[in-house]
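S.K.: Using this note's numbering, the first residue of the sequence shown is number 26, and each one after it goes up by one.
What follows is a single structure, and I will ask about it in a moment.
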Amino acid sequence: MMLWFSGGCTPTPPQLTLPSLVAGTPAFRATVEGSLNSPIANGNKVTVLLNGEEIFPAMLKAIRSALKTITYEEYVFKRSEIGRTLIEAFAERCQAGVQVAVLLDAYGSSNLPRQYAEMLRGAGCEVVEDFRSIRPWTLGRNNHRTHRRILVVDSRIGFTGGYVVGSAWKGDAQQDTHWRDTNVQVEGPVVRQLQAAFAAHWREATGALLGGEGYYPSIETAASDAAVRAQIVSSSPLYQNYSVFILFMQAISAARRSIDITNPYAFLDGQLMTALIQARQRGVSVRIILPARLEDNVKILVGQQGYGPLLEAGIELHEFQDSFLHAKTMVIDGIWSTIGTSNFDNRSMAINDEIQLVIYDAGVAQRMEEIFSDDLGQSCRLTLQDWRNRGVMTRFMSVLGAPFYDQL
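Given below as structure tokens:
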């Protein structure tokens with residue numbers, strides 16, 4: 026627990042004054058591009074993947090097809106059947122001559138079995154299993170974890186999303202031991218941006234600059250049957266990069282019809298909460314799906330402290346019932362969407378390194394709305410009266426965790 030307080034004062038996002046923009050307009054797209062220094066690339070193919078049943082088979086298929094390079098970054102990598110399968114797939118490609126670079130967070134993957142790393146190194150893979158290692162002499166850095174999930178194969182196909190390598194991500198979320206999550210597979214020019222995000226962390230960890238045709242092909246070919254505009258937005262608050270927070274604030278303020286959010290940890294900081302309430306006040310429908318299962322009791326209970334102002338403003342909160350909800354998505358006005366690693370909390374906005382795929386496409390947004398509707402059908406709406414009537418123990422746990430709110 027001391028990890029979270031080793032860096033001194035709790036970091037918070039910068040205070041923003043936002044321009045008046047409308048989602049979907051050229052001015053909105055240009056402002057997002059310019060303010061985040063992240064170009065929007067055309068000619069991509071985006072495939073939304075649901076739960077372990079779709080996520081891991083797609084990733085393994087891509088890994089096993091690799092001819093030149095594989096880059097992989099993960100926050101949590103646990104001993105599990107799927108973990109072993111991924112390690113074996115990486116090792117097999119290494120032995121076939123593919124360059125494989127694996128980077129794991131020192132805190133999130135602290136329980137990585139030693140034999141996993143040994144198997145990779147024995148096959149010739151490059152491995153950093155302790156990115157931003159936790160040391161007494163690096164107190165200012167210890168709190169800043171990489172929460173990113175990145176897989177890039179031959180710089181032609183990439184993946185990101187909320188998944189963790191562990192047994193809870195098996196199956197199709199039809200039972201409480203199999204969690205509900207959303208990932209995305211992307212092909213096309215935007216994969217280069219995903220690769221660049223990995224390369225920045227690899228350079229930080231090793232000093233090595235990834236380059237050459239295997240990592241950055243000189244000719245970018247759009248995926249066949251693809252016409253989706255997309256960009257990668259990555260943040261690194263350790264280096265004063267708050268791009269994900271700025272992206273979320275711009276998107277929420279630009280909404281004119283609807284905001285649909287799915288997120289496991291909605292501990293809204295003051296600015297995000299204010300932006301959502303202001304959106305509702307200008308007539309925007311705002312719906313948030315959250316987990317009902319208190320998998321991480323203190324963390325979720327503390328977050329419930331902030332539900333009151335949202336409910337009072339007329340924002341709909343729905344609690345997913347069938348399993349633990351871990352998906353991290355947002356859809357704006359049915360035309361703009363994002364899938365990634367970021368929670369709606371201070372840790373994701375101002376402490377951890379995060380990554381989002383941002384999609385400027387009504388077709389993908391419609392697919393995301395269909396998924397949202399399906400999840401809504403497995404959720405129960407939380408009313409203001411329900412929140413006011415929550416039990417004594419729930420209130421006690423919320424108060425107990427309140428001092429640590431911004432660090433959770």
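C-beta: ideal position from N, C-alpha, C; glycine also.
Under the rule that 16 or more other beta-carbon atoms within 10 Å means buried, what is S90, buried or exposed?
M.R.: Looking at its Cβ environment, which holds fewer than 16 other Cβ atoms inside 10 Å, S90 is exposed.
S.K.: Hey, how far is the Cα of A55 from the Cα of G49?
M.R.: Cα-Cα distance, rounded: 10 Å.
S.K.: For I95, report the span of its beta strand (DSSP E) as first-last.
M.R.: Per DSSP, I95 belongs to the beta strand (DSSP E) from 94–99.
S.K.: Under 8 Å: do the stretch 355–364 and the stretch 381–396 share three or more Cβ pairs, one atom per stretch?
M.R.: Output reads yes: the stretch 381–396 touches the stretch 355–364.
S.K.: As an exercise, report each continuous alpha helix (DSSP H) stretch of at least 4 residues that is fully enclosed by the stretch 127–171, in chain order.
M.R.: The stretch 127–171 contains these whole alpha helix (DSSP H) runs: 139–147, 164–167.
S.K.: Does DSSP classify I421 as helix, strand or coil?
M.R.: The amino acid at residue 421 is misidentified as Ile; the sequence shows Phe. The answer is helix: DSSP assigns F421 an H, G or I state.
S.K.: Out of curiosity, what's the CA-to-CA distance linking N368 and Q124?
M.R.: If I take the Cα positions, the gap works out to 32 Å.
S.K.: Which complete alpha helix (DSSP H) runs does the stretch 187–269 hold, if anything under 4 residues is left out?
M.R.: Qualifying alpha helix (DSSP H) stretches, in chain order: 216–231.
S.K.: Would you call the CB atoms of I380 and A222 closer than 9 Å?
M.R.: Cβ distance < 9 Å, so I380 and A222 count as in contact.
S.K.: Tell whether a beta-carbon distance below 9 Å holds between F115 and L137.
M.R.: Contact: no.
S.K.: Using a 10 Å radius around the Cβ and a threshold of 16 neighbouring Cβ atoms, would you call G186 buried or exposed?
M.R.: Per the 10 Å Cβ criterion, buried.
S.K.: From this set, I325, F270, C119, H343, which residue's C-alpha is nearest P39's C-alpha?
M.R.: Closest by alpha carbon: F270.
S.K.: Evaluate Q238 with the Cβ neighbour count: other Cβ atoms within 10 Å of its Cβ, from every protein chain shown; 16 or more gives buried, anything less gives exposed.
M.R.: Residue 238 is actually Glu in this sequence, not Gln. Counting Cβ neighbours within 10 Å, E238 comes out exposed, since fewer than 16 surround it.
S.K.: From which residue to which residue does the alpha helix (DSSP H) around I363 run?
M.R.: Just to set this straight, residue 363 is Thr in the shown sequence, not Ile. Where T363 is concerned, there is no enclosing alpha helix (DSSP H), although the beta strand (DSSP E) it sits in stretches over 361–365.
S.K.: Below 6 Å CB to CB, which residues in the same chain sit around V189 once its five sequence neighbours on both sides are set aside?
M.R.: Only V101 meet the Cβ criterion.
S.K.: Note the first and the last residue of the continuous alpha helix (DSSP H) segment covering Y332.
M.R.: Element bounds for Y332: 332–337.
S.K.: Cβ atoms of H203 and D378: under 9 Å apart, would you say?
M.R.: No, the Cβ-Cβ distance between D378 and H203 is not below 9 Å.
S.K.: Are the stretch 139–156 and the stretch 343–353 touching by the rule of at least three beta carbon pairs closer than 8 Å?
M.R.: The stretch 139–156, when compared against the stretch 343–353, does not touch it at the 8 Å Cβ threshold.
S.K.: Three or more beta-carbon pairs under 8 Å between the stretch 284–300 and the stretch 402–409, yes or no?
M.R.: Output reads no: the stretch 402–409 does not touch the stretch 284–300.
S.K.: Measuring alpha carbon to alpha carbon, tell me which of G213, S60, L75 ends up nearest D6.
M.R.: As shown, the chain starts at 26 and ends at 433. That puts residue 6 outside it, with no answer to give.
S.K.: Roughly how many whole angstroms lie between the Cα atoms of T94 and L176?
M.R.: Approximately 11 Å, taken between the alpha carbons.
S.K.: Buried or exposed: which applies to G108, given that a residue is buried once 16 or more other Cβ atoms fall within 10 Å of its Cβ?
M.R.: Classification for G108: buried.
S.K.: When you compare only the Cα positions, how much space is there between M27 and A352?
M.R.: Confidence at M27 is low in this model, with a pLDDT of 46, below 50, so the placement of that residue is unreliable and no value is reported for it.
S.K.: Output the boundary residues of the beta strand (DSSP E) element that contains R305.
M.R.: Looking at the DSSP string, R305 is not in any beta strand (DSSP E); the run it does join, the alpha helix (DSSP H), is 295–306.
S.K.: From what residue to what residue does the beta strand (DSSP E) around D285 run?
M.R.: That run of the beta strand (DSSP E) goes 283–287.
S.K.: Use the C-beta contact count for R217: other C-beta atoms within 10 angstroms, 16 or more gives buried, fewer gives exposed.
M.R.: With 16 or more Cβ atoms within 10 Å of its Cβ, R217 is classed as buried.
S.K.: Check the DSSP bridge columns for V311 and list the partner residues they point to.
M.R.: Beta-bridge pairing links V311 to I284.
S.K.: Can you list, in chain order, the residues of its chain whose CB lies under 6 Å from that of L85, leaving out five sequence neighbours each side?
M.R.: Taken in chain order, the residues that qualify are A114.
S.K.: Along the chain, where does the alpha helix (DSSP H) that runs through T110 open and close?
M.R.: Counting along the chain, the alpha helix (DSSP H) containing T110 begins and ends at 106–120.
S.K.: In or out: G365 buried (at least 16 other Cβ within 10 Å) or exposed?
M.R.: Classification of G365: buried, given that the 10 Å Cβ count is 16 or more.
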